[in-house]
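The first sequence runs 98 to 657 under our numbering.
In this text, a Cβ means the ideal position worked out from N, Cα and C, and glycines have one as well.
Step one of this worksheet: look at the structure below.
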Amino acid sequence: MLIIRKMNYKELISKLINNSLVTENDITLAAEGHGDFALPCFKYARELRKAPQIIASDFASGLTKCDFIDHVEAVGGYLNFYLSRKARIESVLADCENKSSVNAVRAVNAGKTVCIDYSSINIAKPFHIGHLMSTAIGGSLYRIYKYLGWNAVGINHLGDWGTQFGKLLAAYNEWGDKSRPLTLNDMLSLYVRFTEESEKNPQLAERGRTEFLKIERGEAEAVKTYELFKETTLAEVNKVYDRLGIVFDSYNGEAFYNDKMQPIIDELNAKSLTEVSDGALVVKLDDYGMPPCLITRSDGATLYATRDLSAANYRAETYKFDKSLYVVATQQNLHFKQVFKVLELMGREWAKDLTHVQFGMVSYEGKPLSTRHGHVVFLADVIENTVKKALDIINEKNPDLEDKAQTAESVGVGAVMFFALGTQRIKDVDFNYDKVLSFDGETAPYIQYTRARCQSVLAKGGEIGDVDYSLLASDESYAVIKLLDNFNTTVIDSAEKYEPSIIARYLIDLAQAFNKFYIAGRIITDDKPLTNARLALTKAVADTLKTGLSLLLINSPDKM
RNA sequence: GCGCCGGUAGCUCAGCUGGAUAGAGCAACGCCCUUCUAAGGCGUGGGUCGGGGGUUCGAAUCCCUUCCGGCGUACCA
């Protein structure tokens, strides 16, 4: 019976209908109250010259018998399939326990490598909610791909080079307090002050450029301060990464590619892909409906695209990836299209494996975020606030809880992650505290709470003995079973679409279905066989919620 | 101007590789804690799926067109 779960239901059903007109894709999910799967028979009416209702009946009578289908119904032109609940329940729960489905998927993916470029923060600036999207989406995809058996390489393509460091250096030399250790806050105020004052004072702006030149030339004093800036930000930013459970395998950023761009430029020239236009070296892309891709500026300096071309090559050589993802805001859509096209023109056959995983804009109170103008919300502050609210709720509802701080941390961070991962990444989002501080309804705390409920029941229920699966055929339990059955395909779907929100939606659905089951009747009763069966279901739900949340970088406290 | 993306209930969203009465959550109102965690469950109200054409037995979903919003459009990243 375990074989059922490893097969695609739609494929199997289409084969049972002995008619070549019917394919796997014709099978749909049944409407509420009409069984599990359905075959709409309208489209065959023309060819078979019969009414859909008749066709459905004919298919029904010609059906190959199969013990996983309980019965079928031909109604209103649809042929509805009712699966054998007992068989399905047994296979689903067994699979939750022995993981045979996911292990099969992992075996297929073993040896595949995916590079994921995410977070990729600009190092001279503090970590604010604008950086949350790339960090959360990329961090989640990293876990999802690993879960599915891939070798994932997390890359933080640090923005650790550029005139911003010259500005910062100029500001630090001018106003910096060297008598005490530099903090990220100091750097921020220095940067803001520099921006403000250089708007009035052009000489200052010029100093920013000359200071950066010093860093580029490798002047000892300048480089030392540059390194200090880098260390200071990284130390601060790493605290946030640690709290969020974000990890990277590489921090090779812009500075890393400084000496790796010339070979690319040489190759582009050698392949006659470049031309000089207004003094700049470009690759014309008119044939592909795009503006030219800038390789070097008229003053000879390299650009963003040059660095990305270089980085893509480096990753291809170093990691031999099967996929390489760039989790970067949608604004850079054109940039990546250009870079991918240039790589294709260079003859890189792996150019087809590059994907720009884009996400929408984050604004705050309807306005774009801007470090320069001080219109920002720092991620660390957001986390502090959500954790504090979680702690307040715990103190109110469960004051005797052990590990209050730890639990509040998980709940608070979960709320933040869900803000980033709960909806489709392409949608623009406006940050507001009401939204992240909401712990009711479709939220991470709701899912965590549901799992804590499960754990509580399981702790009370004790050992689960032999299970009679037929005892779980009630509508409430079967709704839960159906969802459990979809877990792996949901994860695969989210990986294929680079869309963690699919898992987030799924977990909400599963939690809702479980809560209905939980309310519908007591799990632990005097009826031992029934209790066993219900505990088995509860355990499967608890484990699935925990696994699913972990793919969204969210922890699951056992009690809350 | 051109290109990309969004437009579904008061708000936030799901559904979009066409299928049966368009689903959740929040907010509002009304219920349910002597019994496994009420961060929960149940109910009520709330929709011209931006507008208009088309394809189809069938369209929120596909095609065309139009309106609104966001972003991009060569020397920033």
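Return the residue from the list the options that minimises the CA-CA distance to residue i.
i	options	result
Asp133	Ala317, Lys140 and His168	His168
Lys327	Asp192, Asp356, Asn366 and Leu265	Leu265
Asp582	Asp375, Cys390, Leu190 and Asn482	Leu190
Arg469	Val289, Ser553, Pro149 and Ala413	Val289
Ala505	Leu607, Ala402, Ile651 and Glu364	Ile651
Ala201	Pro465, Met514 and Trp247	Trp247
Tyr423	Gly235, Val344 and Ser395	Gly235
Gly159	Leu569, Leu113, Cys138 and Glu462	Leu113
Ile218	Val373, Ser231 and Pro388	Ser231
Ala462	Asn492, Leu648, Tyr530 and Gln435	In the sequence as displayed, the identity of residue 462 is Glu instead of Ala. Comparing Cα-Cα distances from Glu462 to each of Asn492, Leu648, Tyr530 and Gln435, the minimum goes to Tyr530.
Thr587	Cys551, Asp214, Phe178 and Ile241	Ile241
Arg550	Ile124, Met657 and Thr161	Met657
Tyr239	Ser591, Asp623 and Arg602	Ser591
Pro542	Arg314, Asp563, Glu364 and Lys643	Lys643
Glu121	Ala135, Lys485, Glu129 and Gly130	Ala135
Ile152	Ile166, Thr161, Pro137 and Cys163	Pro137
Met443	Lys183, Asp363 and Asn430	Asp363
Arg631	Ile186, Asp123, Asn177 and Gln150	Ile186
Thr393	Met458, Asp565, Asp489 and Ile361	Ile361
Tyr401	Val436, Ser567 and Gln428	Val436
Ala184	Glu194, Gln545 and Cys163	Cys163
Tell me which same chain residues have a C-beta within less than 8 Å of the C-beta of residue i, skipping the five on either side of it?
i	result
Asp155	Lys147
Ala662	Outside the displayed range of the chain (98 to 657) lies residue 662, so it cannot be described from this structure.
Leu118	Tyr141, Glu144 and Leu145
Keeping to the same chain, check which residues put their C-beta closer than 6 Å to that of residue i; ignore five residues upstream and five downstream.
i	result
Glu324	none
In the DSSP assignment, find the unbroken beta strand (DSSP E) run with residue i in it and report its ends.
i	result
Asn430	Here Asn430 belongs to no beta strand (DSSP E); instead the alpha helix (DSSP H) covers Asn430 to Leu442.
Phe156	From DSSP, Phe156 is part of no beta strand (DSSP E) but of the alpha helix (DSSP H) over Pro149 to Ser158.
Ser374	Thr371 to Ser374
Ala377	Ala377 to Val380
Going by DSSP, which residues form a beta bridge with residue i?
i	result
Ser574	Beta-bridge pairing links Ser574 to no other residue.
Glu364	Note: Glu364 sits in no beta bridge, so no partner.
Leu176	Leu136 and Ala171
Lys420	Val211
Leu126	Phe134
Tyr461	Lys464 and Phe528
Phe456	Ala426
His470	In DSSP, His470 forms no bridge with anything.
Gly397	Per DSSP, none; premise fails for Gly397.
Ile166	Leu180
To the nearest angstrom, how far is the alpha carbon of residue i from that of residue j?
i	j	result
Ser237	Lys494	31 Å
Asn349	Val474	27 Å
Ser286	Gly263	15 Å
Thr322	Ala477	25 Å
Lys381	His432	13 Å
Asn355	Asp405	11 Å
Asn482	Gly509	8 Å
Arg102	Lys438	With a pLDDT of only 48 at Arg102, under 50, the local geometry of the prediction cannot be trusted, and the value read off the model is given with reservation. Straight-line Cα distance between these residues: approximately 42 Å.
Asp563	Tyr179	26 Å
For the alpha helix (DSSP H) that residue i lies in, which residues bound it at each end?
i	result
Ile544	Ala541 to Gly558
Gly493	Sequence inspection shows Glu at residue 493; the Gly mentioned does not correspond to that position. Leu476 to Lys494 is the extent of the alpha helix (DSSP H) around Glu493.
Ser598	Ser598 to Ala617
Gly685	Nothing in the structure corresponds to residue 685, since the chain is present only between 98 and 657.
Ile252	Looking at the DSSP string, Ile252 is not in any alpha helix (DSSP H); the run it does join, the beta strand (DSSP E), is Asn248 to Ile252.
Asn349	Neither: Asn349 is in no alpha helix (DSSP H) and is coded neither H nor E.
Val320	Ala317 to Leu341
Thr232	Leu229 to Tyr244
Asp640	Lys625 to Leu648
Just to confirm my understanding: we take residue i, look at its own chain, exclude 5 residues before and 5 after, and list those with CB closer than 7 Å. What are they?
i	result
Ala352	Asp257 and Trp258
Asn574	At residue 574 the sequence reads Ser, which differs from the Asn that was named. So the list reads Phe614 and Leu634, once near-sequence residues are dropped.
Ala207	Gly246
Arg340	Ile480 and Val510
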